[in-house]
Amino acid sequence: MDTGDTTWILVSATLVLFMFVPGLALFYGGLVSQRNILATMMHCLSALSVVSIVWVLWGYSFAFGPGDNGVFGGFSYLGFHDVGQSPKEGLTIPHLLFALYQGLFAAITTALISGGVAERIRFPVWLLFSIAWVTLVYAPMAHWTWGGGWLSKLGGLDFAGGTVVHILSGVSALVAAIVVGKRRTFPNQTHPPHNLVFFFIGGMCLFFGWFGFNAGSALASGALASQAFATTLMAGCAGGIFWIFLEWRLRNKPTLVGGVTGVIGGLVAITPAAGYVTVLSSIVIGGVASLVCYWSLNALKAKFQYDDSLDVFGLHGVGGIWGAMATGIFSTKEVNAAGADGLLAGNPMQVLIQLEDVLVAVTLAFAGTYVILKAISLFTPLRVSDDQEITGLDLSLHGENAYNTFELNSSEPHDTPLSVYEKDSYNANQTSLKGV
5 MDTGDTTWIL
15 VSATLVLFMF
25 VPGLALFYGG
35 LVSQRNILAT
45 MMHCLSALSV
55 VSIVWVLWGY
65 SFAFGPGDNG
75 VFGGFSYLGF
85 HDVGQSPKEG
95 LTIPHLLFAL
105 YQGLFAAITT
115 ALISGGVAER
125 IRFPVWLLFS
135 IAWVTLVYAP
145 MAHWTWGGGW
155 LSKLGGLDFA
165 GGTVVHILSG
175 VSALVAAIVV
185 GKRRTFPNQT
195 HPPHNLVFFF
205 IGGMCLFFGW
215 FGFNAGSALA
225 SGALASQAFA
235 TTLMAGCAGG
245 IFWIFLEWRL
255 RNKPTLVGGV
265 TGVIGGLVAI
275 TPAAGYVTVL
285 SSIVIGGVAS
295 LVCYWSLNAL
305 KAKFQYDDSL
315 DVFGLHGVGG
325 IWGAMATGIF
335 STKEVNAAGA
345 DGLLAGNPMQ
355 VLIQLEDVLV
365 AVTLAFAGTY
375 VILKAISLFT
385 PLRVSDDQEI
395 TGLDLSLHGE
405 NAYNTFELNS
415 SEPHDTPLSV
425 YEKDSYNANQ
435 TSLKGV
């Protein structure tokens, strides 16, 4: 046991939790209409809660159990059996801490998918989907890549989740968006982001927490964590400034939304490579990520007209694919002797190995998400009714409203009667306040 390593992973786990809630919740919540911000945040909160419980009961065992065939982790750690305070084999941190840290990865990956179906998926369906997806899609891929499974034995590199986190969530979000169906007003009358300040704060929380995500994946507080910290910072900065200049050149005005989006794209791309590439390479990876993600958001989506509400596929799917392939191009044993040399270090085969990882992740995410949602649809509708969608999910599903902009008990008379929506919103808020 090493107290320094344990301290760093405790901090890293806390950073990942912070990038999740409130980070991702604010990032997503600021992008939707004001009628759906609470429902969008509920997707994050519920994913954290339900996936964490699933992780303890069986998810961790399926993903990181010893197994014996490289495909399935087994049942050894059900209910965190034998997951205690002693160090996990090969590490200098408590087994319990490692398991909880990995559980946060599983939870935030699941929550990312909600951005693809925001503003229309039914909340009970989201809960059922979260349980099934982390069990049948995330846990197998985590075992194959990180738990000693067959992909890791082939030599695939994924330092912190290019395939396991970003490609799985991005492709799953795309499939979910197609299966659940488009929003009523897409693409002609979609609501603009209602609060870009929330979006910015959430995006910077993600940036801040990403250091726990990537540098924490070194699972120790030494030189490798420092390398991953540096590459993460540089890739995020490169992604942001490249996107700003790209918008400036093509649209004459750089935007805050574009800058933050570029930062996230750079961070996504560096995730699988963070502990395997040089700092200079990370700038290239982050900059190119802006180009490919910009293309996916502005050209690919427009061409195929899929309603990925918050562009999860465009950022995490496409950015994750580029990052996984870039790992095979730029990785070098000079940075991490436990990794592999990539194309530029004289080993072109690593690119083919990375491509295999990408194809496996895409196939598993596509097939798993499609089957899960189709199975759920046999018993219950996947999406809200038209009336609920028009009213907004905050009020129609959760009975509360984010903004109370009027007062029924005001001493000043109202010039016009309140609408049905306003009355319902007021009553919902009053009920919530009484509950508090």
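Under my numbering, residue 440 is the last one in the sequence shown; the count climbs by one each step, no gaps. C-beta atoms are modelled at their ideal positions from N, C-alpha and C, and glycine is treated no differently.
7 Å CB neighbourhood of Ala21 in its chain, flanking five on each side removed: First, the amino acid is wrong: residue 21 is Leu here, not Ala. If we look at Leu21 and ignore the five residues flanking it on each side, its Cβ neighbours are Leu108.
Which residues DSSP lists as bridging Pro91, in chain order: Residue pairing by DSSP places Pro91 opposite Pro98 in a beta bridge.
Contact check, Phe212 vs Gly27, beta carbons under 9 Å: Cβ distance < 9 Å, so Phe212 and Gly27 count as in contact.
Separation of Asn408 from Val366, as counted between CA atoms: 43 Å
Own chain residues within Cβ distance below 7 Å of Cys209, not counting five before or after: Phe22, Met23, Pro26, Gly27, Leu30
Inter-residue Cα distance where the pair is His47 and Ala122: 9 Å
Supposed close pair Thr236, Leu271 - CB separation, criterion 8 Å: 7 Å
The segment 316 to 334 in contact with the segment 344 to 364 per 3-pair CB rule at 8 Å: yes
Contact set for Leu35: own chain, Cβ-Cβ below 7 Å, skip 5 residues either direction: Pro197, Phe203, Leu314
Helix, strand or coil at Arg387 [DSSP, three-state]: strand
Test item: CB-CB of Ser221 and Ala234 under 9 Å: With contacts defined as CB atoms closer than 9 Å, Ser221 and Ala234 fail to qualify as a contacting pair.
Straight-line Cα distance separating Val141 from Ala242: 32 Å
For Ser56 and Trp154, the rounded distance between their alpha carbons: The straight-line gap from Cα to Cα measures roughly 26 Å.
Cβ contact (3+ pairs, closer than 8 Å) linking the segment 112 to 121 and the segment 159 to 179: yes
Cβ contact check for the segment 294 to 313 and the segment 181 to 194: 3 or more pairs under 8 Å: Contact holds: three or more Cβ-Cβ distances are below 8 Å.
Presumed contact (8 Å Cβ cut-off) between Gln392 and Leu401, rounded CB distance: The beta-carbon distance between Gln392 and Leu401, rounded to whole angstroms, is 7 Å. This is short enough to meet the 8 Å contact definition.
Where Pro70 falls, given that 16 or more other Cβ within 10 Å makes a residue buried: exposed
Exposed unless 16 or more other CB atoms sit within 10 angstroms - verdict on Glu251: That one is buried.
Test item: CB-CB of Asp9 and Leu228 under 9 Å: No, the Cβ-Cβ distance between Asp9 and Leu228 is not below 9 Å.
Residue span of the alpha helix (DSSP H) that contains Ala164, given as start and end: Run containing Ala164: none; DSSP gives neither H nor E here.
Nearest candidate by alpha-carbon position, reference Glu360, set Leu49, Gln38, Thr167, Leu95: Glu360 has its Cα closest to that of Thr167, out of Leu49, Gln38, Thr167, Leu95.
Closest residue to Met238 among Ala342, Leu100, Asn218, Arg253 (Cα-Cα distance): Asn218
Cβ-based burial, Gly350 [other Cβ within 10 Å; buried from 16]: exposed
CA-to-CA distance, His195 to Leu422, given in whole angstroms: Because Leu422 sits at a pLDDT of 45, beneath the cut-off of 50, its placement in the model cannot be relied upon, and the point is left open.
Within 9 Å, strictly: CB atoms of Gly206 and Tyr32: yes
Gly74 beta carbon less than 9 Å from that of Leu66: Here residue 66 is Phe; the residue named in the question, Leu, does not match the sequence. No. Outside cutoff.
Other residues of its chain near Thr139: CB distance less than 8 Å, five sequence neighbours each side excluded: Cβ neighbours of Thr139 beyond the five flanking positions: Val58, Trp62, Gly63, Phe66.
Span separating the alpha-carbon of Leu319 from that of Ser300: 8 Å
Residue from Thr96, Leu95, Gly94, Leu100 whose Cα sits closest to the Cα of Tyr81: Leu100
Residues that Ile125 bridges to, as DSSP identifies them: Arg387
First through last residue of the alpha helix (DSSP H) which encompasses Pro144: That run of the alpha helix (DSSP H) goes 143 to 150.
CB of Ala51 within 9 Å of CB of Ile112, strictly: yes
Thr384 versus Leu363 - alpha carbon distance: Approximately 31 Å, taken between the alpha carbons.
Spatially closest choice to Ile268 from Phe133, Leu254, Gly244, by CA coordinates: Gly244
Asn218 (DSSP reduced to helix, strand or coil): Three-state DSSP puts Asn218 in a helix.
Heavy atom of the ligand ZN within 8 Å of Ala239 beta-carbon: Ligands are entirely absent from the displayed structure, and the ligand ZN is therefore not among its contents.
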